[in-house]
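Number of protein chains: 2
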Amino acid sequence: MADPKRARIQDVAEQAGVSMMTVSRVLNQDKKVSDKTREKVMAVVEQLNYRPNVSARRLASTKSFFLGLLYDNPSDSYISQFLLAALKKCRALGYHLVVDEAHTDIDKTIESVKQLIDVTQVDGMILLPPMCDNEQVLDVLTKANVPFVRITPDTKLNRSPYICMDDYQAAFDVTEHLINQGHSKIAHIIGDTKQGVSRLRYQGYLDALRSNKIITPPEYIEQGSFTYQSGMEAAIKLLSLDDKPTAIFAANDDMAAAVISIAQKQGINIPSELSVVGFDDTQLATIVWPNISTVKQPINEMAELAITLLASGQYNDLSNVKSLDLRHILDFELIERESSSANKNN
Amino acid sequence: MADPKRARIQDVAEQAGVSMMTVSRVLNQDKKVSDKTREKVMAVVEQLNYRPNVSARRLASTKSFFLGLLYDNPSDSYISQFLLAALKKCRALGYHLVVDEAHTDIDKTIESVKQLIDVTQVDGMILLPPMCDNEQVLDVLTKANVPFVRITPDTKLNRSPYICMDDYQAAFDVTEHLINQGHSKIAHIIGDTKQGVSRLRYQGYLDALRSNKIITPPEYIEQGSFTYQSGMEAAIKLLSLDDKPTAIFAANDDMAAAVISIAQKQGINIPSELSVVGFDDTQLATIVWPNISTVKQPINEMAELAITLLASGQYNDLSNVKSLDLRHILDFELIERESSSANKNN
DNA sequence: ACTGAAAATGTTAGCGCTAACAACAAATTT
DNA sequence: AAATTTGTTGTTAGCGCTAACATTTTCAGT
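Protein chains in written order, with the numbering used here: chain A, 1 to 346; chain B, 1001 to 1346.
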């Protein structure tokens, strides 16, 4: 199989009858090219299927075409999905992703981020929770003038562009959906108080009940911590109540899975006697039986958008960016599976 | 903070009083450098903390310093862990990892792999299961002369270097451990028959019983398919037997989790009345309660070794490599958690 | 039409490294 | 001692691209 020699910028230039520099400008979105030339060049680019040589580009330019990703908690399938989507997008845009794991020791994390900036010269960073709320990390990046995008941050929302979904609205919708299915005895297991989303989800639940004029006894609210174990404890309490709920909305899938396990142990049928809804749509939601109804975060879209934003360079200088333009709220999706159904016990 | 300008190969050369080429040779493990010079250069490299510029190196050399990773099944936390470890090692060795997801349509996968070879010019590929057993993929790589390492392959073991663990021995050890804990009524849930590991694990289980002179009724063997659902069905059958097993060894964690769920539903205490052991040490093993005793695969080591082997170039020409040298078997680890314990019902 | 500024395009040099070959020194043979 | 071989180091050119500056074209304003 003859190697069809990858086209170089020179080939494009010759074919299009312009200089290499003009081609370079077209490819780098430089404004100073006439539309006519741009079209002509792009046509040749298509024709020759030209892709810039990342290494040559990196070597010659001040940009590094590297983006950094700082994550925590590697066991989460969330990371895995985010990472894969980010890698894909990077590849499409001619960037490389340098992945760095946060240390439990924050000082080491800071050191590692500094190294990343110094050695790899990243053009931008993506910060995943909970690192995205760490003041020290933010300061290091700001000082080094490295643009960064934060994913579902909890605080300091005007310090950088960020991407999130509307946790409040999702919780509201979940709760209202249960109400529409005939449930009025709806319990909630709150997530880890240290994470902002727990608050938002709880508030969405409360407001959905209130706007539907449903009064809920305080025993229907249990404090969890996002772990399976805490979900079990909460479930045991909720299911020992004299006036049992007909639906339990857990603030994440792990706790929802625990509820299902406890309910089944007690001979309570799911979903006919008890509807269970989770949050996140992690792998667990489709492993256990019955599969968990849940809220799906747009993880892929978040990852892609983060890369796109950093690659565009539009946040390289934040001084002129309005705080409203920092916010990117993506759509979630309610996923109905076998763990919830209409209430037939009325 | 003054930017301490990264050292270049020229800086090293001047400081060491040699030519740039000599430094380059030292760095690329070229044999034709005297020990004295090598040491001198390395000392300066250390002193200046010199790291080669990957882009310049890639641009100038015939190697691409890209390695490819072909995976399947992105939801698995196995992938995530493997990927992170591989990325880390790549970074340490100055390589970049290009990650490609296998399509459900095999023709598209082939096309994608061809692209990877053509466009990215990868120096090597890592194939994860089950793609590592796909003849077409193997053929494409062989034809294009791209070295590849396969992870836990099932067949054609002499076609390429591969990395795996001893599934047979692990299953043997798990079973023997249960026997040593006083269990003699040990059931097994076999994994998906399409995967070679299922066979190996089953055989290990059988041989451990045999070598301990334990006779097991055929009802103790159930066929599963690695899914939670199949684990539930198997568990229901096993726990409805008149002479119930005191221990169940499931061929993966998902099925073990299902067994725990069913047992608890039936009021059977784990581990005092029933020990459950899984395989793989996936996230699930520590999510459910009680945590699942299981076998941990050395995923990180596998990933690191795969990268190291490809980066070393030692498999660039397979014609002189003995088939024994293709095999890399790594150690597994038995992890004892709360789902299993000594048998007290004797 | 003539000027000046702005817009569009071209030219030159070099980013940091290695392939290919050249040159030299040391070891070995004739 | 000269000739050959072997081992080690140096020189030159160029990988594909872009920064910075140079030049040409366009077009308004007079």
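Just so it is clear, CB atoms sit at the ideal spot from N, CA and C, and this is done for glycine as well.
Remember, it's a predicted structure, so these values are computed and weren't measured experimentally.
Asked, Found
"Bounding residues of the beta strand (DSSP E) (the contiguous stretch that carries C1164 (chain B))", "1162-1165"
"Contact test: D325 (chain A) Cβ vs the ligand HEM heavy atom, cutoff 7 Å", "This structure lacks the ligand HEM, and indeed carries no ligand of any kind."
"Run of the beta strand (DSSP E) containing K1296 (chain B), from where it starts to where it stops", "1294-1296"
"Cβ contact check for the region 1267-1281 of chain B and the region 1293-1303 of chain B: 3 or more pairs under 8 Å", "yes"
"Span separating the alpha-carbon of V1197 (chain B) from that of S1225 (chain B)", "12 Å"
"Residues bridged to Y71 (chain A) (per DSSP)", "A:E101"
"Whole-angstrom distance between K1032 (chain B) and M1042 (chain B), CA atom to CA atom", "15 Å"
"Limits of the beta strand (DSSP E) - the one that F1148 (chain B) falls within", "1148-1151"
"Partners in chain B for D105 (chain A), counting only beta-carbon separations shorter than 7 Å", "Neighbours of D105 (chain A) on chain B: none; closest Cβ ~17 Å, over 7 Å."
"Distance CB(Y1349 (chain B))-CB(V288 (chain A)) smaller than 8 Å", "Not covered by the structure: residue 1349 (chain B). The range shown for chain B is 1001 to 1346."
"Cβ neighbour criterion (16 or more within 10 Å) applied to E1336 (chain B)", "exposed"
"Among A:G182, A:A256, A:L309, A:S341, nearest to Y162 (chain A) - alpha-carbon criterion", "A:L309"
"Completely contained alpha helix (DSSP H) runs for the region 222-290 of chain A, where each covers 4 or more residues", "228-239, 253-265, 284-287"
"Coarse secondary structure for I1186 (chain B), derived from DSSP in three states", "strand"
"Rounded separation between S230 (chain A) and G191 (chain A) - CA only", "9 Å"
"Rounded C-alpha distance that separates S341 (chain A) from S1240 (chain B)", "30 Å"
"Cut-off 7 Å between Cβ atoms - residues of its own chain near Q266 (chain A), not counting five sequence neighbours on either side", "L239"
"As assigned by DSSP and simplified to three states, the class of R1057 (chain B)", "helix"
"For L1200 (chain B), the residue or residues it bridges with in DSSP", "Its beta-bridge partners do not exist; DSSP assigns none."
"C-beta neighbour in chain A for A1007 (chain B), strict 8 Å", "no"
"Local Cβ density within 10 Å of S1275 (chain B), reported as buried at 16 or more and exposed below that", "buried"
"Simplified DSSP assignment, three categories, for E1333 (chain B)", "strand"
"Positions along the region 1261-1285 of chain B whose CB lies within less than 8 Å of some CB in chain A", "S1261, Q1264, K1265, G1267, Q1283, L1284"
"Contact between the region 115-129 of chain A and the region 1100-1113 of chain B (3+ Cβ pairs under 8 Å)", "no"
"Partner residues on chain B for S112 (chain A), Cβ-Cβ distance less than 9 Å", "Within 9 Å Cβ-Cβ: nothing; S112 (chain A) doesn't reach chain B, min ~12 Å."
"Candidates B:S1024, B:F1249, B:D1254, of which the one nearest Y1220 (chain B) by Cα", "B:F1249"
"Residues within the region 226-248 of chain A neighbouring chain B, beta-carbon criterion of under 7 Å", "Y228, Q229, M232"
"Contacts of S323 (chain A) in chain B (Cβ-Cβ under 8 Å)", "Per Cβ cutoff of 8 Å: no residues; S323 (chain A) is ~28 Å from chain B at best."
"Distance, D1173 (chain B) Cα to R1025 (chain B) Cα", "48 Å"
"Beta-carbon proximity check, N1343 (chain B) vs H1177 (chain B), cutoff 8 Å", "no"
"Helix, strand or coil at F82 (chain A) [DSSP, three-state]", "helix"
"Between the CA atoms of S261 (chain A) and S1055 (chain B) - distance to the nearest angstrom", "53 Å"
"Which listed residue (A:D325, A:I189, A:I151, A:T216) has its alpha carbon closest to that of M232 (chain A)", "A:I189"
"Residue closest to L48 (chain A), alpha-carbon to alpha-carbon, out of A:C164, A:S77, A:Q10", "A:Q10"
"For L1127 (chain B), the first and last residue of its enclosing beta strand (DSSP E)", "1124-1127"
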